[in-house]
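If you read the sequence shown in UniProt numbering, its first letter stands for residue 1, the second for the next number, and so on.
All C-beta atoms in this analysis are idealised placements derived from N, C-alpha and C, irrespective of residue type, glycine included.
The structure presented is a predicted model; accordingly, all values stated were derived computationally and were not measured.
Below you'll find the structure, written out as structure tokens, and then a few comments.
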Amino acid sequence: MAPLIYSALIISLGLGTTMTFASTHWYLAWMGIEINTLAIIPLMAQNHIPRAIEATTKYFFAQATASATLLFAGISNAFLTGQWDITYTPYTLTSTLITLALAMKIGLAPLHSWMPEVMQGLNLLTGLILSTWQKLAPLYLIYQIQPNNPNIFIALGLMSIIVGGWGGFNQVQLRKILAYSSIAHLGWMILILSFSPPLALLTIIIYILMTFSLFSSFMLTRTTHINSLSTTWAKIPILTISTPLILLSLGGLPPLTGFMPKWMILQELTKQSLCPLATMAALSSLFSLYFYLRLSYAMTLTMPPNNPAGTLPWRLNPQHNTLPLALTTTSTICLLPMTPAIMSLMPF
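Have a look at this one:
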């Protein structure tokens, strides 16, 4: 792809999200999300291979369905209330339709089925954009709605945690595993959104840090299959140490950064007298922890190197800029001691 066209598409991605963030009108917010969708489609199809074209088509149909539902719900809300204000959705039917449309946009269960298949057909950089940046605008709108009855958020969140963990079982394609990981983490965000929006914001910031670190590690070693993880030591030895730590942080194990949001979410749910819900969420996260541990063992302990015959890429200088990876990996591993300071700065 020509650099000028690529730059225009990246600027359009930023413009669409910014437009949604700055909007108080349903139509402008919907337009910002559509700009985002139309900007990422050429990035998905740039490889001109059947799998990428199939993934792009599936993504387009899923997003078109969600966009049509969102526009219909916004128009219905304006018809019933007489105004287009995003924060004013007093009717249960329209707020539920809007929530379900936005849930389909970001891939929450049970509207998640497009996400793993689309992710499998993309390169890692486009998959990173889909897993992080494309979630921001719909999550902002979900935050703005805040329905009076939080049960729909609780149901979507808990179902996403379970499906995100269960779906990653026996997967060998790393991009599908990352898709299910994204679904599970979005479930934690939606679960706590009704009770503590600042905590949901902290959760998505830490999720973006961890996801960026993991995608960058896989891009650096050009790894897309679990069997390829065993040769990481021959390409960049330090990643054999750092990548398992990133995976365990995504799983929420202490003393890594990923433990912080889950710990605080379970604490907040307990404060809200939702101990059974907190217990179910904690137990369901064990599914996700299983495949994170499986990937960690694949890199370090259980799988032999199986090196191909010929010259190995032994410690060659990486072609990518590794400074962002170093910074985000450090944050992914070492931020847990900062929890008291973060709690004092944010109004939990």
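From the options, pick the residue whose C-alpha is nearest to that of residue i; which is it?
{"i": "S194", "options": "L139, G16, S131, M338", "result": "L139"}
{"i": "Y59", "options": "T20, I86, G14, T126", "result": "T126"}
{"i": "T24", "options": "Y6, L141, I49", "result": "L141"}
{"i": "L220", "options": "Y207, L201, L9, T240", "result": "T240"}
{"i": "A64", "options": "N77, T87, L102", "result": "L102"}
{"i": "P110", "options": "G167, L9, T94", "result": "G167"}
{"i": "S181", "options": "P197, I106, A137", "result": "I106"}
{"i": "residue 377", "options": "T257, A278, G258", "result": "With the chain running from 1 to 348 in the structure shown, residue 377 is simply not present."}
{"i": "L93", "options": "A298, I152, A62", "result": "I152"}
{"i": "L293", "options": "K262, A326, S249, L336", "result": "S249"}
For residue i, which residues of its own chain have a beta-carbon under 8 Å away from its beta-carbon, when the five flanking residues on both sides are left out?
{"i": "P324", "result": "F212, S216"}
{"i": "L122", "result": "M44, A52, A55, L130, R175"}
{"i": "T99", "result": "I142, I145, P147, I152, F153, L156"}
Per DSSP, which one or two residues make a beta bridge with residue i?
{"i": "W48", "result": "The residue asked about is misnamed: residue 48 is His in this sequence, not Trp. Beta-bridge pairing links H48 to no other residue."}
{"i": "Q267", "result": "Answer is none; Q267 lacks a bridge partner."}
{"i": "Q173", "result": "H225"}
{"i": "H320", "result": "For H320, which the question treats as bridged, DSSP gives no partner whatsoever."}
Excluding sequence positions up to five away, which residues of its chain have a Cβ less than 6 Å from the Cβ of residue i?
{"i": "C334", "result": "none"}
Are the beta-carbon atoms of residue i and residue j separated by less than 9 Å?
{"i": "L184", "j": "E117", "result": "Contrary to the premise, residue 184 reads as Ala rather than Leu in this sequence. Cβ atoms of A184 and E117: not closer than 9 Å."}
{"i": "T329", "j": "S242", "result": "yes"}
{"i": "Q120", "j": "R222", "result": "no"}
{"i": "M1", "j": "P42", "result": "yes"}
{"i": "M210", "j": "G258", "result": "yes"}
{"i": "G32", "j": "L9", "result": "no"}
{"i": "residue 350", "j": "G164", "result": "The displayed coordinates of the chain run from 1 to 348. Any statement about residue 350 would go beyond what the structure contains."}
{"i": "I190", "j": "S160", "result": "yes"}
{"i": "P237", "j": "L295", "result": "no"}
{"i": "L256", "j": "L214", "result": "no"}
{"i": "L80", "j": "A39", "result": "no"}
Output needed for residue i: all residues of its chain with C-beta closer than 7 Å, excluding positions within five of it in sequence on either side, in chain order.
{"i": "I53", "result": "A45"}
{"i": "A29", "result": "T20, S23, I86, L141"}
{"i": "A282", "result": "L266"}
{"i": "T280", "result": "The identity of residue 280 in the sequence shown is Met, whereas the question assumes Thr. Result list for M280: L158, in chain order."}
>> At 4 residues or longer, what runs of the alpha helix (DSSP H) sit wholly inside the region 229-273?
In response: If one requires a minimum length of 4 residues, the alpha helix (DSSP H) runs lying completely within the region 229-273 are 232-235, 239-251, 259-271, in chain order.
> Counting only runs that start and end within the region 113-189, where is the alpha helix (DSSP H) found for 4 or more residues in a row?
Replying inline: The region 113-189 contains these whole alpha helix (DSSP H) runs: 114-120, 124-131, 133-145, 151-167.
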